[in-house]
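First to last, the protein sequences are chains A and B.
Taking numbering that gives the first Met the number 0, the leading residue of the first sequence gets 0, the next gets one more, and so forth.
Taking numbering that gives the first Met the number 0, the leading residue of the second sequence gets 0, the next gets one more, and so forth.
All residues carry an ideal CB built from backbone N, CA and C; glycine is no exception.
Treat the numbers as computed from the prediction; the structure is a model and nothing was measured.
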Amino acid sequence: MSSILEFQNVSKNYRVRKCDIPALTDIDLSVTAGEVFGVIGHSGAGKSTLIRLINLLERPSGGRVLINGEDVTRLDDAGLCALRQRIGMIFQHFNLLSSKTVADNIAFPLRIAGRHSAAEIQKRVAELIERVGLTEHTHKYPAQLSGGQKQRVGIARALATQPQILLCDEATSALDPQTTQSVLRLLDEINRELRLTIVLITHEMNVIRTLCDRVAVLDSGRVVESGHVADVFLHPQHPTSRRFVYESEDIDEETMVTAFSHVSGRLIRLTFRDEATYEPVLGRITRQCDVDFSLLTGRIDRIKNVPYGQLVLGLSDRDSGRNINEALRRFREEGLVVEELN
Amino acid sequence: MEFFTTLPWPDIVEATFDTSLMLGASFVFTLLLGLPLGILLFLTGKNQILERPRFYAALSFIVNVLRSIPFIILIIVLIPFTLLLIGTSLGVAGAIPPLVIGAAPFFARLVETALREVDHGIIEAVQSMGASTRQLVCRALLPEALPGIIAGATVTAIALIGYTAMSGVLGGGGLGDLAVRYGYQRFQDNVMIVTVALLIVMVQILQMIGDRLVLRFSHK
């Protein structure tokens with residue numbers, strides 16, 4: 000797997016009244032071609048700056064940003080324009096040209112590139128409008144469209160020059176939940192069908208869970224955790240990551256601990272993924288080992304296309320814990336992740 | 000009835016024509032000079048893509064100086080310059096240089112303000128597509144700011160009508176000259192009233208055209 004985009008020890012400072020304020024510190028990231036890579040962070044964590052370093056809307060203060068192995072900070076003006084034509088970008092507030100129709104907005108980057116005939120542009124624009132499902136809105140102006148439709152125009156415009164990478168800057172943050180889902184589905188479709196690498200930033204765990212393959216958690220300008228979404232989502236290590244996961248799942252850690260202090264027996268968290276989610280593992284093993292369980296809390300859902308379950312159980316047996324140990328061993332044997340909570 | 004019969008009609012027609020000519024010519028040159036100046040002010044301003052603090056400060060200072068000189072004084076100050084450029088400081092042609100130099104800085108400021116109204120996100124989006132500064136200005140900024148620029152041009156044209164009346168007094172001819180010669184110096188109130196009425200009509204027509212164009216080009 001080749002990495003299409005790489006951050007090597009990147010830092011970015013802003014000069015405010017002769018003082019350097021660090022926005023990003025020691026960023027090392029690598030994005031694989033064809034994947035959806037998410038960066039999550041609270042506002043002010045530096046994620047907007049991070050995504051803008053990729054197409055040099057912001058210049059790094061230190062370190063290197065490599066695209067296809069090429070250091071982008073060394074490009075001259077012409078090289079930078081060429082690079083930017085290979086990277087599409089969509090924005091939280093869409094940033095469409097209000098003076099141009101849907102079709103002209105989508106044609107805009109092609110006209111900027113200046114390599115295409117009018118007929119080519121027309122054909123490509125028609126294709127893109129159809130892909131994002133806006134055929135009947137071709138000649139409307141952005142002000143006549145809803146938020147979701149505007150973002151679809153934004154996506155079509157970003158795809159016009161057939162870029163290798165699509166940058167999404169909080170692309171769904173201004174949309175309602177339903178529209179968010181439909182835009183995320185569209186992005187997922189584009190990622191799969193065009194093998195387009197997507198880098199997105201967001202403050203919503205839901206976006207990461209629905210769309211991303213890998214995620215980096217950004218806190219105060221540093222990457223505090225990164226990995227496959229399922230790993231970070233099911234076993235967050237850093238307090239910030241944990242906060243994001245629990246927020247998105249409506250879990251209140253403190254209440255949970257207090258509530259469970261009344262439960263007798265051992266508190267176990269079981270995590271299963273993929274096929275294991277559909278197997279009757281829990282029932283079979285507890286029966287075989289003669290262990291009773293009370294189901295305290297749990298979540299069963301999907302991360303991108305991976306089904307998963309995570310349950311907190313109170314386990315008890317009549318044999319001073321030996322049966323429980325046996326059950327836990329068998330759970331692990333089945334590939335489940337077992338964590339003791341008390 | 001006497002009000003109309005004593006009016007010097009041929010003079011009024013000629014004066015109206017002269018004023019329209021001064022207005023039209025100076026307006027065109029004001030646009031040609033003021034638009035690039037406004038774009039330059041915008042681009043070199045704080046946090047803009049060609050930020051040049053010293054250059055901006057110098058340009059801004061010159062614009063402010065030209066705007067703070069009362070127009071009637073500006074005409075006098077510019078007489079040597081006008082003589083050099085046109086060969087005369089009198090008549091319609093002689094009135095045009097001071098009109099343009101008086102109005103262009105004013106229009107440039109309005110252009111700068113209209114460009115600043117364009118959402119910074121749009122600039123960012125167009126830059127992210129790999130547009131050059133020239134493409135950014137011509138294909139995105141100007142079309143986006145067009146309604147504001149038209150509104151600014153309307154205000155400028157109307158200010159120019161006032162200026163043409165003043166330059167009339169200093170030998171420029173036109174309605175201002177007529178009003179002074181007949182209305183003020185010969186106490187012919189009816190001429191004064193008719194010239195003022197004609198100026199009002201001109202302003203109204205310009206404002207109406209301006210408003211229509213703004214509406215035509217705004218899609219917000």
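With 16 other Cβ atoms within 10 Å as the buried cut-off, status of residue i
i         : result
Met207(B) : exposed
Lys17(A)  : exposed
Asp318(A) : exposed
Ser225(A) : buried
Arg301(A) : exposed
Lys219(B) : exposed
Arg83(A)  : buried
Arg283(A) : exposed
Glu111(B) : buried
Leu49(B)  : exposed
Phe90(A)  : buried
Arg331(A) : exposed
Gly37(A)  : buried
Ala56(B)  : exposed
Lys45(B)  : exposed
Lys46(A)  : buried
Val99(B)  : buried
Gln150(A) : buried
Under 8 Å from the C-beta of residue i: neighbouring residues of chain B
i         : result
Ile111(A) : Val125, Met128, Gly129, Ala130, Gln134, Arg138
Arg73(A)  : Those within 8 Å of Arg73(A) in chain B number zero; the least Cβ separation is about 17 Å.
Residue i versus residue j - alpha carbon distance
i         : j         : result
Glu253(A) : Arg268(A) : 16 Å
Lys11(A)  : Arg208(A) : 28 Å
Arg133(B) : Asn94(A)  : 19 Å
Ile74(B)  : Leu52(A)  : 53 Å
Val202(B) : Ile71(B)  : 20 Å
Val91(B)  : Asn63(B)  : 26 Å
Glu126(A) : Gln7(A)   : 38 Å
Leu335(A) : Glu34(A)  : 26 Å
Gln287(A) : Met255(A) : 29 Å
Leu185(A) : Gly43(A)  : 28 Å
Ala81(A)  : Gly171(B) : 55 Å
Asp273(A) : Val124(A) : 40 Å
Gly129(B) : Leu174(B) : 52 Å
Leu205(B) : Gly151(B) : 12 Å
Pro176(A) : Glu169(A) : 14 Å
Pro7(B)   : Leu198(B) : 17 Å
Asp176(B) : Ile38(B)  : 35 Å
Leu217(A) : Thr196(A) : 20 Å
Ile154(A) : Gln161(A) : 11 Å
Val198(A) : Ser127(B) : 15 Å
Arg242(A) : Ala258(A) : 19 Å
Within chain B, partners of residue i - CB distance below 9 Å
i        : result
His92(A) : Asp118, Gly120
Arg83(A) : Gln126, Ser127, Met128, Gly129, Ala130
Met88(A) : Glu123, Ala124, Ser127, Met128
6 Å Cβ shell around residue i - same chain, five flanking residues per side excluded
i         : result
Leu310(A) : Leu269, Gly297
Asn104(A) : Leu95, Leu96, Val152, Arg156
Arg114(A) : none
Gly264(A) : Gly313, Leu314, Ser315
Val179(B) : Val168
Neighbouring residues, chain A, relative to residue i (Cβ below 8 Å)
i         : result
Lys290(B) : This structure leaves residue 290(B) out entirely; chain B is present only between 0 and 219.
Pro142(B) : Leu96, Ser98, Lys99
Cβ shell of residue i (< 7 Å), same chain only, five flanking positions each side left out
i         : result
Gly87(B)  : The residue you asked about is not Gly; residue 87(B) is Thr in the sequence shown. Only Gly93 meet the Cβ criterion.
Ala103(B) : Thr29, Leu32, Gly33, Leu36
Leu42(B)  : Ile48, Leu49
Arg221(A) : Thr24, Asp25
Gly147(A) : Leu174, Thr178, Ser181, Val182
Glu333(A) : Ala275, Val280
Test: residue i CB closer than 7 Å to a CB of chain D
i        : result
Asn12(A) : Chain labels in this structure do not include chain D; the protein chains are A and B.
Within chain A, partners of residue i - CB distance below 7 Å
i         : result
Leu145(B) : Ser98
Chain-ordered chain B contacts of residue i [CB-CB under 7 Å]
i         : result
Cys80(A)  : Gly129, Ser131
Pro108(A) : Met128
Asn54(A)  : Ser127
Contact set for residue i: own chain, Cβ-Cβ below 8 Å, skip 5 residues either direction
i         : result
Thr5(B)   : Gln187, Asn189
Ile85(B)  : Ala92, Gly93, Ile95, Pro96
His138(A) : Thr100, Val101, Ala102
Ignoring anything shorter than 4 residues or poking outside the region 85 to 116 of chain A, list the alpha helix (DSSP H) runs there in chain order.
Entirely contained in the region 85 to 116 of chain A, the alpha helix (DSSP H) runs reaching 4 residues are, in chain order, 101 to 112.
Mind listing, in chain order, the continuous beta strand (DSSP E) runs of no fewer than 3 residues lying wholly within the region 103 to 183 of chain A?
For the beta strand (DSSP E) assignment, the uninterrupted runs of no fewer than 3 residues enclosed by the region 103 to 183 of chain A are, from N- to C-terminal side, 164 to 168.
For a minimum of 3 consecutive residues, which ranges assigned as the beta strand (DSSP E) are wholly contained in the region 48 to 83 of chain B?
Runs of the beta strand (DSSP E) spanning 3 or more residues and lying entirely within the region 48 to 83 of chain B do not occur at all.
To test your reading of the DSSP string, which unbroken beta strand (DSSP E) runs of 3 or more residues are found completely within the region 134 to 217 of chain B?
Counting only runs of 3 or more, we get nothing.
Counting only runs of 4+ residues fully inside the region 233 to 287 of chain A, write out the alpha helix (DSSP H) ranges in chain order.
Those alpha helix (DSSP H) runs which fall completely within the region 233 to 287 of chain A and span 4+ residues are 238 to 247, 252 to 259.
Entirely enclosed alpha helix (DSSP H) segments - the region 42 to 72 of chain A, minimum 4 residues
With a minimum length of 4 residues, the unbroken runs of alpha helix (DSSP H) contained wholly in the region 42 to 72 of chain A fall at 46 to 53.
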